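Count the sequence shown with numbering that gives the first Met the number 0 and you get residues 0 to 149, in order.
All remarks here apply to the structure that follows.
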Amino acid sequence: MRRNNLDLIVIEFIAVLNVVWALLPNRPALIGTILALPLLFVLPGYTLIEALFHQKLLNSTYRLVLSLGLSLTLAILGGLMLNVLPGGLQALSWAVFLGLLTTVFALFAAYLRRRVQVQGTRPQRQRLGLNISACLVGLAITMAILSVLY
0 MRRNNLDLIV
10 IEFIAVLNVV
20 WALLPNRPAL
30 IGTILALPLL
40 FVLPGYTLIE
50 ALFHQKLLNS
60 TYRLVLSLGL
70 SLTLAILGGL
80 MLNVLPGGLQ
90 ALSWAVFLGL
100 LTTVFALFAA
110 YLRRRVQVQG
120 TRPQRQRLGL
130 NISACLVGLA
140 ITMAILSVLY
């Protein structure tokens, strides 16, 4: 069980490390940047993909592209939300937001993985059958609506 969730445990460690780093008073910017890059560009999207596609084995290329795209989308929407809140766009608010999002998705993915193991079904290898043009049109409409509302 623990071996199957090793990726989620490492992800949680990185998320917690980012929040702790943001709480430190005198911190070097270079180390903080190196710690924050995975949390910003990969980890929220990866955990969301693990939660959404827990019964499908995706190709590593699809997994990487979807992780990057979802992470950037979550970061953009989170930035819009954090800008409206009184705390604003600070290192601590970013670390807590992205860390909390990653934690929630990772816990949900671990729960779904455990449920699949209890039922005894094995994940099936499938290609992601998304219509790219429909996804892009939907994303463009969503961004247009959000920009007009903002």
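Every residue, glycine too, gets a C-beta built ideally from N, C-alpha and C.
Being a predicted model, the structure only gives us computed values, none of them experimental.
Pairwise C-alpha distance: Phe52 and Leu91
30 angstroms
Is the beta carbon of Leu39 less than 9 angstroms from the beta carbon of Leu97?
yes
Return the first residue and the last residue of the alpha helix (DSSP H) that Tyr45 is part of.
Leu42 to Leu51
Could you tell me which of Ala14, Tyr45 and Ile144 sits nearest to Leu76, measuring between CA atoms?
Ile144
Can you tell me which of the three DSSP states Tyr149 falls into?
coil
The region 40–47 in contact with the region 2–12 per 3-pair CB rule at 8 angstroms
yes
Out of curiosity, what's the CA-to-CA distance linking Leu23 and Leu100?
21 angstroms
Ordered along the chain, which non-local residues of its own chain (more than five positions away) have a Cβ less than 6 angstroms from that of Met0?
Unreliable positioning characterises Met0 in this predicted model, as indicated by a pLDDT of 47, which lies under 50. The coordinate reading is nonetheless provided below. Cβ within range, chain order: n/a, list empty.
Can Leu34 and Asn58 be called in contact, C-beta distance under 9 angstroms?
no
Is Ser28 buried or exposed, if buried means 16 or more other CB atoms sit within 10 Å of its CB?
Reading off the sequence, residue 28 comes out as Ala, not Ser. Ala28 comes out exposed.
Cβ-Cβ distance between Glu49 and Arg114 below 9 angstroms:
no
If you follow the alpha helix (DSSP H) that Leu5 is in, where does it begin and where does it stop?
Leu5 to Leu22
Is the distance from the Cβ of Ala74 to the Cβ of Asn4 below 9 angstroms?
no
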